[in-house]
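My numbering puts the first residue of the sequence shown at 40, with every later residue one more than the last.
Built from N, CA and C at the ideal position, the CB exists for glycine as well.
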Amino acid sequence: MTTERVAAAASTRIAFFSRYERLRSVTSTNDIVRGWMAEGTPEVCLAVADEQTAGRGRLGRAWIAPSGAALMLSLGFLPRYLPPDRLWRLPAVVALAMADAAEEVAGLPIGMLRLKWPNDIVVAADEGVRKLAGVLSEAEGTGTAAVQAVVGIGVNTDWRSEDFPPELAGSMTSLREASRGRPIDSDLLLAAFLLRLEPRVLALRDGHFDVAGWHDRQVTTGRMVRIEMPDGSAQEVRAVGVDGASGALLVEDAAAPGGERELLVGEVAHVRLGPAERDATRGAPVSGGRGVTS
Ligand code: BTN
């Protein structure tokens, strides 16, 4: 799709949003959207900011990005159509829509961007796995009719590697770097993302989720991973897939029924990747998972 067609198509998609604001500088787009929802704004509302002064990531970490080098946005949902144990599908559809959009806008091969469970978007290349984007999902009123969820995503877009913070330079990347120096227009990425998000949200409202697409993007499958728990303990296990019903990471456990057990998002602080194992017959990382079709 050409640049003009993406932009034109996306402008019609703005009608899907109950409220959309493009803001110059905010503390955190998640806070902006949470405030709108407290005022009674219906779903789906969208705040996009050029700069955040107190951007945050999972587990209280800071999220920093220079103005013009990242796309930072938050979406507000009233997901009464999802049972509490399927709320994880909201950040998942945001990550999937962004991965699709980013591949197109950066001219990357389809499937090059992967998800690192639960919702990081990463680039997996010979030189290792580097983080491109992170998702922060915050829900309130879970299990009640007043359930609200704010899903924020930050994507490193036009950030040059020489400007990466030194302490993160070895573990992060940007779309500009992943595409070997192609300038990335964050507005175009936003437009492409909105085009892909709407059908995924409409499907969720109808009880459908792209389990296969979610499985296929997982980078953890077939790798040894180090699971760090909130209490500081850690375990090294083989990740064997993900569960399309619970959203769990599936890991090998000889003592568990079926030889595997589930780790839910709330149980894990951090997942660190070991080397990928290759399927000798196909030359690609092995894939697996437990699926449901809706
Ligand atoms: C993570 O990787 O830990 C999640 C990072 C999420 C960052 C985004 S940027 C837009 C939104 N506002 C925030 O304060 N955080 C999210």
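- With contact defined as three or more Cβ pairs closer than 8 Å, the segment 232-250 and the segment 129-143 are in contact.
- Three or more Cβ pairs closer than 8 Å define a contact, and the segment 168-179 falls short of that threshold against the segment 267-276.
- In this structure, the ligand BTN has a non-hydrogen atom nearer than 8 Å to the beta-carbon of ARG95.
- Secondary structure at ASP89: strand, using DSSP grouped into helix, strand and coil.
- ARG265 sits in a strand when the DSSP states are folded into three classes.
- Contact between the segment 124-137 and the segment 238-252 is present: three or more C-beta pairs spanning the two stretches fall below 8 Å.
- Taking each of VAL161, CYS84, GLY74 and GLY115 in turn and checking the Cα distance to ALA134, the smallest one comes out for VAL161.
- Here ARG244 has TYR120 as same chain residues with Cβ atoms under 7 Å from its own Cβ, once five neighbours each way along the sequence are excluded.
- Shown here, PHE232 sits in a helix according to DSSP, grouped into three states.
- Counting along the chain, MET111 sits inside the beta strand (DSSP E) bounded by residues 109-116.
- Taken in chain order, the whole alpha helix (DSSP H) runs of length 4 or more contained in the segment 101-179 are 128-145.
- Short of 6 Å from the beta carbon of ALA88, and not among the five residues preceding or following it, lie these beta carbons of its own chain, in chain order: LEU62, VAL65, THR68 and MET111.
- Nearest to VAL72 by alpha-carbon distance, out of ALA278, GLY298, PRO204 and SER176, is SER176.
- About 15 Å separates the Cβ atoms of VAL83 and MET137, ruling out a contact at the 8 Å cut-off.
- Taking GLN257 as the centre and dropping the five residues before and after it, the same chain places the C-beta of LEU154 and VAL281 closer than 6 Å to its C-beta, in chain order.
- Here VAL186 is not near LEU114, since their CB atoms are 9 Å or more apart.
- Distance from the CA atom of GLY146 to the CA atom of ARG215, rounded to whole angstroms, is 10 Å.
- Taking the C-beta atoms as reference points, ALA278 is found no nearer than 9 Å to ARG300.
- When the beta-carbon positions are compared, PRO105 and ASP226 stay at least 9 Å from each other.
- Between the alpha carbons of THR196 and THR212 lies a gap of roughly 9 Å.
- For GLY280, there is no enclosing alpha helix (DSSP H); the residue is part of the beta strand (DSSP E) that begins and ends at 273-281.
- In the structure shown, the three-state DSSP call for LEU227 is helix.
- Under the three-state reduction of DSSP output, HIS247 falls in the coil class, being neither helix nor strand.
- Looking at the backbone, the Cα of LEU117 and that of GLU179 are separated by about 10 Å.
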